[in-house]
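Those protein sequences? They're chains H, D, P and A, same order as listed.
Under my numbering, the first residue of the first sequence carries the number 1, and numbering increases by one thereafter.
Under my numbering, the first residue of the second sequence carries the number 1001, and numbering increases by one thereafter.
Under my numbering, the first residue of the third sequence carries the number 2001, and numbering increases by one thereafter.
Under my numbering, the first residue of the fourth sequence carries the number 3001, and numbering increases by one thereafter.
We put the CB at the ideal spot given by N, CA and C, even for glycine.
As the structure is a computational prediction, the values presented were derived from the model and not from experiment.
To start, the structure under review is shown below, and the notes come after it.
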Amino acid sequence: MVYYIFRRMLMMIPTLVITSALIFAIIEAPPGDYLESYIAELKAQGEAVDTARIEYLRKEYGFDKSPVERYFNWVGGMFVGDFGYSFAYELPVTAVVGDRLFLTVVVSMATIIFTWLIAFPIGIYSATRQYSWGDYGFTFLGLLGLAIPNFLLALVLMYLANVWFGTSIGGLVDPAFVGQPMSWAKFVSVLHHLWIPVIVIGTAGTAGMIRRIRANLLDELQKQYVTTARAKGLHPFKALVKYPLRMSLNFFISDIGSLLPAVISGAEVVAIVLSLETTGPLLISALQQQDMYLAGSFLMFLSLLTVVGVLISDIALAWLDPRIRLSGGVRK
Amino acid sequence: MTLPANATRLPHTVSDQPFDPDAIYKYTDAQKALFEASQLRLMWWKFRRHKPALISGIFLAVLYFSILISELLAPYNLETRNSSHIYAPPQAIHLFHNGEFIGPFVYGFDYKLNMENLKREYVPNLEKVQPLRFFCSGEKYKFWGLFEASFRFVCPAEKGTMFLLGTDRLGRDVLSRIIYGARISLTIGLLGVGVSLVLGIVIGGMAGYYGGLFDVLSQRLIEVIQSLPSIPLWLALAAILPITWSPIVVYFGITVILGLLDWTGLARTVRSKLLALREEDYVSAAQVMGASSRRIVFRHLIPGFASHLIATATIAIPTMILGETTLSFLGLGLRAPITSWGVLLTEAQNINAVALYPWLLWPVLPVILVVLAYNFFGDGLRDAADPYK
Amino acid sequence: MEEGEVLRVNDLRVAFDVSGSPVEVVRGIGFRVCSGAVTAVVGESGSGKSVTAQAIMRILPKNGTITGGSIDFRPKSGEIVNMAALPANGPKVRSLRGSAVSMIFQEPMSSLSPVHSVGDQVEESLRIHALGAGMSRKELRAATEETLELVGFPNPHRAYDMYPFEMSGGLRQRAMIAMALICRPSLLIADEPTTALDVTVQAQILKLLKDLQKKLNMAVLLITHDLGVVANLADEVVVVYNGRVVEAGPVDEIFRDPQHDYLKALLNAAPHFDMAPDQRLVALRGGKRSAVEMQKHQAKHAQPADRPLLTVSNLSKVYHLRKASLFGGEARVIRAVDDVSFTIRRGECLGLVGESGSGKTTVSKILTRAITADSGSVLFDDGQKQVDVLKLDERQLKEFRPRLQMVFQDPVSSLSPRMTIADILREPMQIHRQGNRAEQITRAKDLLTSVELGANALNRYPHSFSGGQRQRIGIARALAMDPDLLILDEPVSALDVSVQAQVLNLLKDLQKEMGLTYLFIAHNLAVVNYMAERVAVMAAGRIVEIGPSRAIFEAPAHPYTRALLKAVPFADLDRPLVLDELVLKGSSDPCNWPDAFRGEMHDLAAIELGGGHQVLARQTADIGEIHA
Amino acid sequence: EAPLLAELVKAGTLPPEAERLPKEPRVMTIDEATGRTVGKRGGTIRTLMSEQGDLRLMTVYGYARLVAYNRSIEMEPDILLGYENDKNRVFTFHLRPGHKWSDGTPFTAEDFRYQWEDILTDKDMERGGLDSALLVNGKGPKFEVIDDLTVRYTWEEPNPLFLPALASARPLDIYSASAYLKQFHAKYADPDKLAAEVAKERVKDWTRLNIRKSRSYRFENPDLPTLQPWQNKTYSPANRYVFERNPYYHRVDQNGAQLPYVDQIVINIAESSIIPAKTGSGESDLQERYLSFADYTFLKEGEKRNNYTVRLWTVGKGAAVALYPNLNTNDAGWRALFRDARFRRALSLGIDRTQINQVLFMGLAKEGASTVLPGSPLFRDELGSAYAEYDPEKANALLDEIGLKRNAAGIRLMPDGRPLDLIIESTGESSLEADVLELVTSDWADLGVKLLTRTSQRDIFRSRVAAGETNMSVWAGVDNGAPTADFSPQEFVPTDPYQLQWPMWGTYVSTQGDAGQKVDDPAAQKLVDLYKQWLVSEDIETRKKIWEEILDIHADQVFSIGIVTATLVPVVVSNKLHNVPAEGISSFDPYGYFGVYEMDAFWMD
Ligand SMILES: Nc1ncnc2c1ncn2[C@@H]1O[C@H](COP(=O)(O)OP(=O)(O)OP(=O)(O)O)[C@@H](O)[C@H]1O
Ligand SMILES: Nc1ncnc2c1ncn2[C@@H]1O[C@H](COP(=O)(O)OP(=O)(O)OP(=O)(O)O)[C@@H](O)[C@H]1O
Ligand SMILES: [Mg+2]
Ligand SMILES: [Mg+2]
């Protein structure tokens, strides 16, 4: 086990190296560089652009160097904990991301918990009472959440919350509390704002979860060992949770690897619509402005989380189902 | 022997039924029909019993048929602008005017521009009765861009209007645009679902079944792909796709590429399922028979969680139909003149629409219906394939 | 309901919904079970025995409903309840299930959850019901291990943490029995409880049941095909055929005075040790079509019989058990196959018998390359040259496959749950591209008929069959391949003797006329005696004795073989097993063997006793010691 | 005393107002003539921006400049007490005695010297050379410190760009807070301390540190002293920036009360897309940015509930939407067509501007070509209406005259036989553009021209145009729609590489022929010549004539096809906020949005 984890850790290195190259390529792929988008932005304002100065900046930012050279500078920096510099913010990347990370985690965790709290009971209910009114009803609701584009739902909820409850539009807290230390009033204000993103992001994922839990459970419920459990006199619900549910979690566990990065990256589009101070919008704007180190380092962080997440997921799988061997490959 | 003392001895009884060794070979007609029927027919019988699935199936069939004849169904052309009816609210269909039945009709609008808040105000004028025309000759259109015609199932009254779902900021009929939008929404997006499904199953299947090096490599590949959030990828892709492609081709390309990148979650699920399932004896049995790995994976293992796959696929459909809205958000989606439900919704994506022109949100309805229909249809399929039913 | 009765079933009817139309499979079965007594239900495979048991427990599959009759049950405390009238998952039924009435499932191999340890699953009943209340985890575990020990687990402590898939068929069955017994129910429904057990363990279980019965006044409803077991255990016998009771009565009257034609035929069909070498079993039906006729393929089997078809030498396989926790825990290994060598001649049937858990299945799976051996070689003579089966690469293997087929011990898990029988039977033909669809279907029908199944099976899925029916599907599928060598792992354990007779006859015919070769693994020694020319006896991963069947059965040399033969139950009321006298426990444990048979593999050698009869003993041991 | 400062003054940490003001403060007349009232001090204005970069707008809004425009776009000394301009060659600046930076340090000639000697012309601080406004024929000025309060810049040739650059919304930096900044300059600072600071800020060397600390325009360094009315007090990154009044600000109202009236400006950062919604719910006291005409009705609905008033200002760009044929496109066929003025005229004539105005602006905007706005002294009616009426017949006639025949589908064919599928590039950011194009598409269909739109991101869009990969693009008209003859006419002349109708020529001119393509169109060449004359012209009359000629050429040649001009933009003003003009021009240069409307004189109830 320990050996296995160690081996996987070693394997992470090449994976991360490849990812870093890919990330770099992706960021470099769009033509132009940060300065060009900076110029475009100035032009959009109607500001004048001084060509000589741009040339100077180009050198200053190292855009005159070859991509390979820049790549190695960047990766080399990350090894010593230097994640580079955000052009747009004129700040080290860590300083830019720092504050937002916490809020992102708050929103994402709330959403994930919301999703699970809803999806699991409903999924189980739907599977055990297949084709009951409840099953249809929940399915309908869940799919509704799925079928309405997130941004639209966000917009509508945000608007209605403002009209009905006077909640300030967008953001995670009333503007009056921004930058203030935490207080009860601020906390309440956060709660007032938090439900919208949680519902919007949550509903989108819930339907998927519900339907999949239901499908997997329906398959498992037929198995002989469920009958065995019933024959023991186990309460149907306990039997369900202990046997078929555990088996049907396979799909869920195998994908938790993507959960970790999702927690950090957050639902970008919704975050933009709702103007949440999370990392999602930051990443998007960094990408659009080709603020490459900001975007790149953030993406690298995500990829590290993915790799760790996949490892956790593999270990959890082996724990969940003893038939699955950690090493995966070894045949009987 | 060990009978309790208080029990009576069991009498030796013999049934008077004669012994018929061939009893097990006697079938009723229903049974015969059953075992003679082909697999597909059996599935169909089972499917048929699931009413919502059946209805959904019919609904989808009708919908897909409708995209063949959008031009005939829509009261207006896709691009028809009615500049005197910008942001007109929906017109209700009435049957009775002043208590008198005159068939389906709408009331015409009185229009006034409110200079105070620059709002276009429309008031139904109860005098202007505009009966709808059916099987009529309406605005000219080019059927699939091929030949010109003017026959429509329903048209507004001569000189009248018929905006059952209102109009947008250029005075275009929302209903007609929804009808035309189905062409794109019901087709292109689904391709991505297909691609990712196939990839997920194949790669996950092979990784789970073979294990070993293939598994290790594919898992690393998945890690790499999962590390890259979709949005930067889209942005990069948008940059890579030749700018000279037409938007529809670009969109097509992006959906395919989306599919090419979206299989990882499924692949991991498939893999982990197979890792467990491949230990079953029926896999050994198939191996002993000489079945190829492909056969084992696809005939024996994958059907074992068809339910999961069907659920995944049906859930992915709305994501793909609506995927373009996210793409549009980043400036990559479809764009006018191409119209899809996603485009329509993207256009409704501002506070003005929500607060002032809520009818612009109608395109969400067909999306919901299609999603529901696909899900119930999927349910029906699931049941039809379920041996325990 | 009379005094002393624990269960009375009256005119029970159960119907299944098969693709929308109801099919009645239990059509008015009635019987009783008295406290402290055993009622045996015997009958044809597929006649509704298991369904009846499920109905009593109220655990019928979703598509099954009780359409009539009553099931009166008298728990130890309290009044009579009609189980048939209660809601299937209501609290009343639940409180009875598992504690007052418990069940041993017919198919232990697939009735256990694959992801929970055996100990966990066995212990669970204890935890649910009042009995386990107030016990600490340690005590629970102790109680569980005790029960595991009672049902014959050689190492209960280790078994507690093992997972079902790490166990042999017999071990799983024992776990199942432990699970049913751990709460000491007042009614035990045992659906073929000993089919996967070798006779020594079987005897041990029978003794256990008897003891419990005596101690707790437990009533037992025993469903079995083994008339020997019936004769030894039952007080009353109910004979069912095609969903109805055709005869019922006290055991002595049933055996001594069978009335109904079916029962007579049944008693007639059982193989026994006193059969003449060429005597055929008397099957109920002749089979619709000569099986041999179907196998109208080339005469490729007509090869010289002198060379061995299969030469197995020095096979070994060690299993590494999964650790109890993900982190640490001592590494545990099981030496499942320990230096096993034997040969099978062309056209011969080699019987492989032995202790449950001794590695028989493992050996057979190694031969088919379903499991990789740690060492050893398997040479197959394909007529031209010797093929080393274990070294074949993918492509060669695929070519080789059709020559060697296997019927798996566990019929449930060896049939793809989502394929219809038609697909399952057609699969080998599809793989090897034989015939078009119509031809394949015809062939599938023929195959079904030859194993006494009707064409109505074609469009059904495996789960909707009885245990015996599934087993026959497995056989039919293996036959479809037309192999040279067929490995049969307990192929007939779930078949009633009449169908068994039919199947065995079929196999014999094929062997005789087509020159098929068998490796026949079974616990029913009478069947082995009937089928096999030579017999190998396995214990603790080794072949301890091998030789012509006559020699083995008449002059067993190895202590384990002797114990085995002593434990065979006879379907004869006059030859009861003297359970108390049998030295049951540890007969397979080398420690209990005389010195001459003990030791590490390299100290031992196959000692020739003449006529190919070999026994595994110390190289230094002399014949006298061996015959002692 | 302003409420915010009263405490500090009482506590003695801040000198009283009289001591903080320059000896001669700039006295602003706040009277009925400009529709304003003398206000009281205090209060907070909340406004919304969408990113950290927007903070620079506070420099624009504040609009304290050495010299600044007033509402009539006349230049006046502001920070300067006065200046002398000798034929645009010699500029002498006089500072206000006693004028102090926001930290209380004196503002003197040393601040100019430091900027000139230690920054602009310092070798280490090499920043790509002097700003183009400081260069005449590639040569910079001679700088002299006359005395503590007087500095002089001298060029050999006239430099008409110098003063406008100083008065620009984005001012040319020729002074900086030297007392503060010297600690980040190798020449003055203790090397160890400097090194420590460099390490702390994670920059490469001290020059970068200096640049970072000294950027006054971006307003990101709260420690950097300023002369603007409000100073940033919040370190980045943040979602809420607080700007507080500059206690040493140099302007007073006619009653002698130090400006600004408002104590604090609070900037909340929000996504630009929801700013209209937030504004409509009363979350901003003064909002112009990120609002568009389409939001008007929505904003109006919230007026009562949220106690604000929506005003409509005029957008100060030459046109809201204009089409730019790329005269330098790589596609020879298209290039030839575009170079043909008849073709450009035909396209312009073929647009039904009235309909566009009606549909999109309810008729409130003006239909016309892309030229200067009516507010400009240079405006003449015929400039706006040239080839701007809707006359499809004439347009068709012109196209026929060029010899573009129609095919069966009614699409015209180019001389090389290709159908006339005109692809217009857009950034796809504005729905206004999309709608206009949609309408133009159907208008042009009548001409036999098939219009297709393609979108790409802003920077890609720009680089594609510059590389000649596009045929036509859509963008707004000239940035400064209301110039006087003193403003450089460069936007109408090929002068920079970012111009959409002639990027290569622009490159050529701006690099003095090092790159790009030589201007080979007589009319365009004429523009270049005129521009050169403007640069050396010494009197206003000549300049005016040059301007007129340039505009005439534009009107005649239709180098860009303007569609609607003088469009409107809503400005939301809290009812508690006073002195915000009911009507105004919203533009970056020369108005600086609220800049020339003297935001420091706005006051809150
Ligand atoms: N779920 C089901 N759906 C439909 N038919 C079923 C189902 N389960 C069992 N049957 C049918 O019911 C009949 C009785 O089955 P049952 O399992 O009781 O047989 P059995 O007497 O126990 O036979 P065996 O000795 O082979 O175990 C069989 O013909 C079987 O095919
Ligand atoms: N996958 C496995 N992992 C670990 N141990 C295993 C595994 N499979 C089998 N074993 C162990 O190997 C031994 C031999 O098992 P095998 O199945 O060959 O026995 P068997 O002779 O077929 O017994 P039975 O007659 O009960 O079927 C048993 O002790 C079993 O517990
Ligand atoms: Mg059975
Ligand atoms: Mg076995």
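- Listed by position along chain H, the residues whose Cβ is nearer than 8 Å to that of Val1224/D are Thr15, Ile18, Thr19, Leu22 and Ser303.
- Less than 8 Å separates the beta-carbon of Thr3154/A from that of Arg3089/A.
- For the stretch 3290-3301 of chain A, the beta-carbon criterion of a distance under 7 Å to any beta-carbon of chain D is satisfied by Ala3294, Asp3295, Tyr3296, Thr3297, Phe3298, Lys3300 and Glu3301.
- In the structure shown, the three-state DSSP call for Ala3369/A is coil.
- The DSSP-derived three-state label of His193/H is helix.
- As the crow flies, the alpha-carbon of Gly62/H is around 43 Å from that of Ser1340/D.
- Residues of the stretch 1347-1369 of chain D with a C-beta atom less than 8 Å from some C-beta of chain A are Glu1347, Asn1350, Ile1351, Asn1352, Ala1355 and Leu1356, listed in chain order.
- Per DSSP, His3094/A is one residue of the beta strand (DSSP E) stretching across Val3090 to Leu3095.
- When DSSP states are grouped into helix, strand and coil, Thr1161/D belongs to the coil group.
- Cβ contact annotation for Arg3071/A (same chain, cutoff 8 Å, sequence separation greater than five): Thr3034, Val3596 and Tyr3597, in chain order.
- In summary, Gly3138/A is exposed, with fewer than 16 beta-carbon neighbours lying within 10 Å of its beta-carbon over all protein chains present.
- Put simply, of Phe3298/A, Gly3128/A, Gly3375/A and Arg3020/A the residue whose alpha carbon is nearest the alpha carbon of Ser3586/A is Gly3375/A.
- Using a Cβ-Cβ cut-off of 8 Å, Lys1273/D counts as an interface residue toward chain H, since at least one Cβ of chain H sits closer than that to its own.
- Beyond the five residues adjoining it in sequence on each side, Ala2265/P comes within less than 7 Å, by CB distance, of Leu2284 and Ser2498 in the same chain, given in chain order.
- Look at Ala3523/A here: in three-state DSSP terms it is helix.
- Classified as buried, Pro2193/P has 16 or more neighbouring CB atoms from the shown chains inside 10 Å of its CB.
- Chain H places a beta carbon closer than 8 Å to that of Glu3220/A, counting this residue as a contact.
- The alpha carbon of Gln3490/A has as its nearest neighbour, out of Val3449/A, Asp3443/A and Ile3550/A, the alpha carbon of Ile3550/A.
- Listed in chain order, the non-local C-beta contacts of Leu1170/D below 8 Å within the same chain comprise Arg1081, Ser1083 and Ile1086, local neighbours out to five positions each way being set aside.
- Chain-ordered, the chain H residues with CB closer than 8 Å to the CB of Phe3588/A read Gln45, Gly46 and Glu47.
- For the pair Ile3146/A and Thr3484/A, the CB atoms are not nearer than the 8 Å cut-off.
- Annotation: Glu41/H is outside any beta strand (DSSP E); the continuous alpha helix (DSSP H) that includes it extends over Tyr34 to Gln45.
- Our two residues, Thr3013/A and Val178/H, have alpha carbons roughly 28 Å apart in a direct line.
- In this structure, Asp2496/P has its beta carbon at no less than 7 Å from each heavy atom of ligand 3.
- Here the distance from the Cβ of Gly2169/P to the nearest heavy atom of ligand 4 is below 7 Å.
- For the stretch 1296-1309 of chain D, the residues whose beta carbon sits under 8 Å from a beta carbon of chain H are, in order, Gly1304, Phe1305, Ser1307 and His1308.
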